[in-house]
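Engineer: One structure follows; several queries about it will come next.
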Amino acid sequence: MSVVAGVGTALPLAATDGKLVPFIRLDSAHPELFAELMETVERIARESAFTLGPELERFEEAFAEFCGTEHAIGVSSGTAALELALRGLGIGPGDEVIVPTYSFIATAEAVSTVGATPVIVDVDEETALITADIVAAALTPRTRCVIPVHLFGRTVEMDPILELCRGRGIAVVEDACQAHGALYRGRPVGSLGDAGCFSFYPTKNLGGWGDGGAFVSNDAELSAKVRLLRSHGEGTRHHHEMATGTHRLDTLQAAILSVKLRHLGEWNQRRRDAAAQLSSELAGGELGLPAPVSPEGDCVFHLYVVRSNDRDSLRDHLDARGIASAIHYPTPIHLQPAYAELSLGRGSLPVAERLAGENCSLPIFPAIEDWQVAEIAAAVKDFEGAAGN
Ligand SMILES: *Cc1c(COP(=O)(O)O)cnc(C)c1O
C-alpha cells in the first residue's frame, strides 16, 4: 500500500488492497513509468543538485509552455503559489479577496495568511463554480482580487469575470490546482487571469512525490517579484531585497514532474473519456451527474462528482461491491472552524451547503480500465434499482 504523509497522519492514497476499483492509482502501479522516475531520482541524487538549478529551470520552461504563459515559477505547494501571487500583487491587511466557499480550504487560507480578508461566496448550482454575477454581488470598494477555482477540473466561465474585474483594477488569480491542462476558449487555465496557481500534490492531475506547486503568469513584473518572494528575496547571491522565507519547488520534484508532464495531455484525455463513458451509462438514473461541459469550456475531471440525496447508502453499497468513493468536500469553507470569526452560519451560502451534503466522488484516474468504469456504472444502477426506481 502506498501512503502519503499528511499532517500527523498517513493518508492511504492508493490503497488498492482488495478493491476492485480503487479511488486512485499512483505511479508505483505503472512499472515502466515508475522505473523511469526511479532513474530520475537516482540521477538527481548522484548530482546532488537538490535546490534551484537547471533541472528546475527546464521544468519551469516546459510548464510555462504547457500553460501558454511567458513565466512559470516552481514553488513549494499550491497554497504557496496562491500566497505568493497575492503578496506579489501587494495584497494584504485591509484588502478583500473574493473566494468560493466550495473549494479546498487553501483557496481562502492563502488570503488569510497574507493578512487580507477572504470574502467567501456561494457557487452556481449546476457547475459548482463561481460566476460573474456572484462576484458582482460581492464587490466592495475594498475588493482587490478574485480567485476563481476551476474545481474538479472544470473551467470557470472566465471572460465575464475578467471583464468585470479589468475595468475596476481588480486582479484575477486563477486557482487551477485541480485543472492542469483544461482549456477555456482554446487557452489553458492559468493563462487567463493575471496569474495562475497550480498544485503538484501527489493526487492532482499532475502530481509529484511530495508537495509542490507552480505560479504562472504573462506579467513580467509580477513574475519577477514572485521569483524573489519564493526564496529569501534573494535577487543576486547574498543580496536579499525582502524578507520572505523559503517557498521553493524541490529540484527532485521538478525532475519527476518533467517526466510526468510529457504524459499529462494523454492522461487528461483518458479522464475525459472515462467521464464520458460514466455519464453515458448513468444517464437517465436518479443521481445528479456532472453538468455537460460548455462549448467554451473544458473539464479534465480531476474528480467525477455525482449528487445523491442518500449519499451514505450509495457509498456503503459501492464499498460492498469493492468500489471506492470519497467526499469532496463534506464541509464548505465558511462552515469550517477556521472561519468561524466570519460568522457565516449554516444557511448563509445554501447552494454549497446543499452540494456538500449530497456530493459523492466516484473513482476516476488515467489508468482506470473500461471494465472498471462499467463496474462502477453497474453498481450505481443496482443501487438505484434497489431504491425502487
Ligand atoms: C490542492 C489544492 C490547493 C492547494 O494545493 P497544495 O499543493 O496542497 O497546497 C489549492 N486549491 C485547490 C482547489 C486544491 O485542490
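The sequence shown begins at 509 in the numbering used here and counts up by one.
A virtual CB, placed ideally from N, CA and C, is assigned to each residue, including glycine.
Given the structure is predicted, the values throughout are model-derived calculations rather than measurements.
1. Would you check whether ligand 1 has a heavy atom nearer than 7 Å to the C-beta of S620?
2. Spatial neighbours of G855 within its chain, please: CB distance less than 8 Å, with the 5 preceding and 5 following residues excluded, ordered by chain position.
3. Give the C-beta separation of R671 and G704 to the nearest angstrom, bearing in mind that I take them to be a contact with Cβ-Cβ under 8 Å.
4. Are V724 and A572 touching if we call contact CB-CB under 8 Å?
5. Decide if V511 is buried, meaning its Cβ has at least 16 other Cβ atoms within 10 Å, or exposed.
6. Spatial neighbours of A791 within its chain, please: CB distance less than 8 Å, with the 5 preceding and 5 following residues excluded, ordered by chain position.
7. Is it the case that the Cβ atoms of A543 and A875 are separated by a distance below 8 Å?
8. Return helix, strand or coil for D818, following the three-state DSSP convention.
9. Mark A722 as exposed unless 16 or more other C-beta atoms lie within 10 angstroms of its C-beta, in which case mark it buried.
10. Using a threshold of 7 Å, is the CB atom of Q761 nearer than that to any non-hydrogen atom of ligand 1?
11. Taking 7 Å as the cut-off, is the beta-carbon of Q686 closer than that to any non-hydrogen atom of ligand 1?
12. Does DSSP put A722 in a helix, in a strand, or in coil?
13. Would you identify the three-state DSSP class for S739, choosing helix, strand or coil?
14. What is the DSSP secondary structure of S869, reduced to helix, strand or coil?
15. Note the first and the last residue of the continuous alpha helix (DSSP H) segment covering C705.
16. By how many angstroms is the C-alpha of V734 removed from the C-alpha of G698?
17. Within 10 Å of its beta-carbon, does N817 have 16 or more other beta-carbons around it, so buried, or fewer, so exposed?
18. Measure the CB-CB distance between D603 and T625 and report whether it falls below 8 Å.
Structural biologist: If we stick to the structure as given:
1. no
2. E861
3. Just to set this straight, residue 671 is Glu in the shown sequence, not Arg. So it is not a contact: roughly 18 Å between Cβ atoms.
4. A Cβ-Cβ contact shorter than 8 Å links V724 with A572.
5. Here V511 scores only 41 on pLDDT, less than 50, and its place in the model should not be relied on; the value that follows carries that caveat. That one is exposed.
6. L797
7. A543 places its beta carbon 8 Å or farther from that of A875.
8. coil
9. buried
10. No, since every heavy atom of ligand 1 falls outside the 7 Å radius drawn around the Cβ of Q761.
11. yes
12. Correct three-state label for A722: strand.
13. strand
14. strand
15. First-last for C705: 703–707, but that is the beta strand (DSSP E), not the alpha helix (DSSP H).
16. Near 15 Å, if we compare the C-alpha coordinates of V734 and G698.
17. exposed
18. yes
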